[in-house]
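J.: For reference, the structure I am asking about is given below.
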Amino acid sequence: MSHTTVEVQAGAVHEVSLNAQAGEEIHWAFKTEGGDIAFCVLLERPDGNLLTLVAKDRISSEVKAVKGKATTPEAGCIWLQFDNGYSWVTNKTLTFSISHMPASDAKAFASSSSPPADGVQASDAADKDGGPSKVLFVLGAPGSGKGTQCTKLAEAFQYCHLSAGDLLRAERKNPDSKDGALIEAYIKEGKIVPIEITVKLLLSAMAADTAPCYLIDGFPRNQDNLEGWIRETSGRSDIEVLGVLFFDCPEQIITERILERGKSSGRSDDNAVAIKKRLATFRNETMPIVEYFEKREQVWRIDTNRPISDIFTNLCTLLNKILPVSAAPALESGPGGNENGATAAAPAKVASWQAKATSTAVPAPAPAPAPALAPGSPNGVGNGAASAVVLEQSKNAGQPLRVILGSMTMGGPVNRRDSAKMFQMFAEAPAVQKHLTASKVEVDTARMYQSGETEVVISDVFAKQPALADNFMVATKANPFPGAGENLRPESVKAQLEDSLRALRLDSVDVFYLHAPDHSTKIEATLEAVQALYRAGKFRELGLSNFSAWETVQVYYICKERGYVLPTLYQGMYNGITRAVEQELLPALRALGIRFYAYNPLAGGFLTGKHRSLVQFPKDGRFGETAWGIRYRDRFWKPEYFKALDVITAACEENDIAMTSASIRWLMHHSALRGGLNDGIILGASSLGHLETNLAAADEGPLPKAVVAAFNQAWETCQPACPAYAR
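Numbering of the sequence shown is given in UniProt numbering, commencing with residue 1 and proceeding in unit increments.
Pasting the structure below:
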């Protein structure tokens, strides 16, 4: 057993060297009067290689004991499991990774570094001895965004981005190249450059770089490319092709993108005729390559019909699943980041010796997923502000939630004139401007709203104000509700979307939701119809609403297995007294990388404080004498909810805060929603005045600590009466 205890001054750096043998326990401890302690541990394996582990911790006036046990779960590796929550996996080279670290330490670790200990030799042989080079082919039609995303990944994580075309062009211009003249001759004669030369250039570029992953963009583009690669790399154990990242985008959208690009690019092939030929070539020559890898279960489809930032987010999530932990992009915890890759952390800055030894910058580990919030647990930590009122720290201080316009009342309680004013007011609201999607505002609608009138009203508003229409993204839904005479059978799904497009006078919508599950129709049949609509360019993003957690997971994996468009957005009921989604649904969505939009932020008006009597029913409004009003009464008109309302009312009155404002601010700052995950809330209103009030509340800051505590207490009170799901 190796054991050492070191007394240090705050900020001092000490190194501990020991020989690690399988089964040996390793102990060390720190004693300090407070401050940062950086520690570097060198492990010497029996084969003579030194393994460097660097971390940074915050110790305050206490002895911090760390002990662990070294095991050898597989050849060439040492696994160190420590009782303070760290897990270190090391291999036979100087590379290392941390598979788990307490979330509070992850950020500190990302910025740590340490000088090399005596005897550490970082040789090129060690660099190349960390296993085969990991290769991902990146395929997609022209205009699908391959180059943009590969560049972002290369810049963020030191991946090597290679383009066969770029390499050929560079080699052709290189006067010292032996192949340059040959490439020039082939091109002048109008002949295809032999694939052996292309593969040779790719392999040479890989050999000149020590990246954790090689992204080969636009290759293999046809059968000749694939056969040439296989032929030239056959028998090589130092290269491992993981598969294909397939950038999937409807051809209609691709055409629009390239034509728009052509206005400023000056490229002769950015015209309608050339685009049609290029897309046909892609279908005929490159898609068979995608299908080849798909049969081997080596294709990951990425929906690129979305904002660039959303695509990058999902790529980070995906690469953390398919790449070795030492090569996968690091993720940062806290607002703006999550274990599913919503925001990638910047690569750690390391000394030159360390970058050499590990072949890449040291990655910050992905923190373990946060547990679901327990009922009544405080969601935020008091920040001790100088004000007499102690505020709860906002969970979305770094990146605010999205705010989406709910249109359910338009064409009903809200007339056409006021609807137009609502759009203008919403588009200009500070709370909305803080977090736009691709510089656009979002409006949520459905064919069933106001018996179809809502979508007609929206269309009229956009027709009269084209500039306003250009600033909005539109989401609509297919519903299965018997009262509306609809279902989710294939023919109905298609008819509902086409009806919505006609009413909205649009060729496509940005988001198409399945409004709720239809248990009378096989979900596989529904999803097949949805995929056909997606391939036809009728919508850009698939959403789900009111599905249970298990149904959401089922839909996701059916889509994934069949290569369909994946659901990336979920809309559900969520507010200060309706929090059942925190237990099961939200953790499932986080695991799948699906963002969450909350509807009913005021619980159908219950959280405005205007309903105070359990025995008196309102005659109109959300709880009025209608079919939906009766459903809302069944949910909220219970003794537990009125008791919860009393708790919130008392706290709001004591702190001089309107209940409407408090309810929206709770969602914006203290709920389980996260701006960094692109979550949002849907704000609607029955009048211009109500919308103005709601938007103003969304722009206000965190609540006083006492009010947050009241919301938690209210949830404890009404939770037993709260249904598990919205419908």
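Note that beta-carbon positions come from the ideal geometry of N, C-alpha and C, so glycine has one too.
Are there three or more Cβ pairs, one per stretch, closer than 8 angstroms when the region 630-645 is compared with the region 699-709?
T.: no
J.: Can you say whether LYS191 is buried or exposed, counting buried as having 16 or more other CB atoms within 10 angstroms of its CB?
T.: By 1-based counting over the sequence shown, the position of residue 191 is 191. Burial call: exposed.
J.: Can you say whether ALA724 is buried or exposed, counting buried as having 16 or more other CB atoms within 10 angstroms of its CB?
T.: For the purposes of this step, residue 724 is taken as the residue at position 724 of the sequence shown. It is exposed - the Cβ of ALA724 has fewer than 16 other Cβ atoms within 10 Å.
J.: Mapping DSSP to helix, strand and coil, what is ALA532?
T.: Here the question's residue 532 lines up with position 532 in the sequence shown. Helix, per DSSP.
J.: Return the bridge partner residues of TYR597 from the DSSP annotation.
T.: Locating residue 597 in the sequence shown gives position 597, where the first residue counts as 1. TYR597 is bridged to GLN571 and GLY680.
J.: Apart from the five residues on each side of it in sequence, which residues of its chain come closer than 6 angstroms, Cβ to Cβ, to ASP470?
T.: Sequence index remark: in the sequence shown, residue 470 carries index 470 (1-based). No residues qualify anywhere along the chain.
J.: Relative to the alpha-carbon of ALA516, which residue among ALA467, MET448, LYS560 and GLY140 has its alpha-carbon at the smallest distance?
T.: Counted from its first residue, the sequence shown places residue 516 at position 516. With distances taken between Cα atoms, ALA516 lies closest to MET448.
J.: Using only the alpha-carbon positions, how far apart do ARG283 and SER492 sit?
T.: For this step, residue 283 is matched to residue 283 along the sequence shown. For this step, residue 492 is matched to residue 492 along the sequence shown. So the two alpha carbons sit approximately 30 angstroms from each other.
J.: Roughly how many angstroms lie between the CA atoms of ALA591 and ALA580, to the nearest whole one?
T.: Your numbering for residue 591 matches position 591 in the sequence shown. Your numbering for residue 580 matches position 580 in the sequence shown. Looking at the two C-alpha atoms, the distance is approximately 17 angstroms.
J.: How is ILE302 classed by DSSP in three states: helix, strand or coil?
T.: Counted from its first residue, the sequence shown places residue 302 at position 302. Strand.
J.: Identify whether ILE404 lies in helix, strand or coil by the three-state DSSP scheme.
T.: Numbered from its first residue, the sequence shown carries residue 404 at position 404. Note: ILE404 maps to strand in three-state DSSP.
J.: Would you identify the three-state DSSP class for SER163, choosing helix, strand or coil?
T.: Stepping through the sequence shown from its first residue, residue 163 is reached at position 163. SER163 falls in the strand class under three-state DSSP.
J.: Cβ atoms of GLY406 and GLY684: under 9 angstroms apart, would you say?
T.: Working through the sequence shown from its first residue, we reach residue 684 at position 684. Working through the sequence shown from its first residue, we reach residue 406 at position 406. Closer than 9 angstroms, so yes.
J.: Any idea if ASN271 is buried or exposed, counting beta-carbon neighbours within 10 angstroms, 16 or more meaning buried?
T.: Here residue 271 corresponds to residue number 271 of the sequence shown, with the count starting at 1. It is exposed - the Cβ of ASN271 has fewer than 16 other Cβ atoms within 10 Å.
J.: Do you know offhand how far GLU260's Cα is from PHE481's?
T.: Taking the sequence shown and counting its residues from 1, the one referred to as residue 260 is at position 260. Taking the sequence shown and counting its residues from 1, the one referred to as residue 481 is at position 481. Distance between the alpha carbons of GLU260 and PHE481 is about 40 angstroms.
J.: Hey, could you find the ends of the alpha helix (DSSP H) GLU640 is sitting in?
T.: The sequence position of residue 640 within the sequence shown is 640, counting from 1. In the DSSP assignment, GLU640 falls within the alpha helix (DSSP H) that extends over 639-654.
J.: Cutting at 6 angstroms between CB atoms, please list the residues of its own chain near CYS718, excluding the five before and the five after it.
T.: The residue labelled residue 718 in the question sits at position 718 within the sequence shown. Closer than 6 angstroms at the Cβ level, and outside the excluded window around CYS718, lie ILE577, GLU640, TYR641 and ALA644.
J.: What would DSSP say about ASP418, mapped onto helix, strand or coil?
T.: Within the sequence shown, numbered from 1, the residue matching residue 418 stands at position 418. Reduced to three states, the DSSP call for ASP418 is helix.
J.: What number of angstroms, rounded off, separates the C-alpha of GLY572 from the C-alpha of GLY543?
T.: On the sequence shown, position 572 is the one that residue 572 refers to. On the sequence shown, position 543 is the one that residue 543 refers to. The alpha-carbon atoms of GLY572 and GLY543 are separated by roughly 11 angstroms.
J.: Under 7 angstroms Cβ to Cβ from ARG301, same chain only, skipping five residues before and after it: list those, please.
T.: Numbered from 1 along the sequence shown, position 301 holds the residue referred to as residue 301. Correct list, in chain order: PHE246, ASP248 and GLY563.
J.: Which full runs of the beta strand (DSSP E) of 3+ residues lie inside the region 430-517, going along the chain?
T.: 441-444, 472-478 and 509-514
J.: Anyone know if the C-beta pair for LEU504 and PHE539 falls short of 9 angstroms?
T.: What you label residue 504 is simply residue 504 of the sequence shown in a count that begins at 1. What you label residue 539 is simply residue 539 of the sequence shown in a count that begins at 1. No, the pair does not count as a contact, with Cβ atoms beyond the cut-off.
J.: Round the Cβ separation of LEU202 and LEU167 to the nearest angstrom and send it over; I've been treating them as touching at under 8 angstroms.
T.: Here residue 202 is taken as the residue at index 202 of the sequence shown, counted from 1. Here residue 167 is taken as the residue at index 167 of the sequence shown, counted from 1. Indeed, because the Cβ distance is near 7 angstroms, the residues count as touching under 8 angstroms.
J.: Classify ASP47: buried if its beta carbon has 16 or more other beta carbons within 10 angstroms, exposed otherwise.
T.: Translated into the one-based positions of the sequence shown, residue 47 becomes position 47. Any reading at ASP47 is ruled out, since the residue's pLDDT is 44, under 50, leaving its predicted position unreliable.
J.: For the beta strand (DSSP E) containing LYS277, name the first residue and the last one.
T.: As a position in the sequence shown, residue 277 is number 277, starting the count at 1. LYS277 -> not in any beta strand (DSSP E); alpha helix (DSSP H) instead, spanning 272-281.
J.: With SER661 as the anchor, note down where its beta strand (DSSP E) starts and where it stops.
T.: Numbered from its first residue, the sequence shown carries residue 661 at position 661. Note, SER661: premise wrong, no beta strand (DSSP E); alpha helix (DSSP H) at 659-669.
J.: Does the structure place the region 657-677 close enough to the region 593-612 that three or more beta carbon pairs sit under 8 angstroms?
T.: yes
J.: Alpha carbons only, please: which of GLU155, GLU524, GLY537 and LYS464 is nearest the one belonging to GLU498?
T.: Within the sequence shown, residue 498 is the residue found at index 498, counting from 1. The shortest C-alpha separation from GLU498 is found at GLY537.
J.: Cα-Cα, which of HIS669, ALA672, ILE657 and PRO400 is closest to THR693?
T.: As a working mapping, residue 693 is identified with position 693 in the sequence shown. Measuring from the Cα of THR693, the nearest candidate turns out to be ILE657.
J.: Quick one: what does DSSP say ILE216 is sitting in, helix, strand or coil?
T.: Translated into positions along the sequence shown, residue 216 becomes position 216. Residue state, collapsed to three classes: strand.
J.: Output the distance between the C-alpha atoms of ILE594 and LEU569, rounded to the nearest integer angstrom.
T.: Along the sequence shown, one-based indexing puts residue 594 at 594. Along the sequence shown, one-based indexing puts residue 569 at 569. Approximately 5 angstroms between the Cα atoms of the pair.
J.: Less than 9 angstroms between the C-beta atoms of ILE289 and PRO220, yes or no?
T.: On the sequence shown, residue 289 is found 289 positions in, with the first residue counted as 1. On the sequence shown, residue 220 is found 220 positions in, with the first residue counted as 1. A contact, by the Cβ cut-off of 9 angstroms.
J.: Report the rounded CA-to-CA distance for THR408 versus LYS638, giving the unit in angstroms.
T.: For this step, residue 408 is matched to residue 408 along the sequence shown. For this step, residue 638 is matched to residue 638 along the sequence shown. Rather than Thr, the amino acid found at residue 408 in this sequence is Met. One C-alpha to the other measures close to 25 angstroms.
J.: Would you check if the region 208-215 and the region 156-175 touch, i.e. whether three or more CB-CB distances between them fall below 8 angstroms?
T.: yes
J.: Between which two residues does the alpha helix (DSSP H) carrying SER309 extend?
T.: Taking the first residue of the sequence shown as 1, we reach residue 309 at position 309. Secondary structure note for SER309: its alpha helix (DSSP H) is the uninterrupted segment 308-322.
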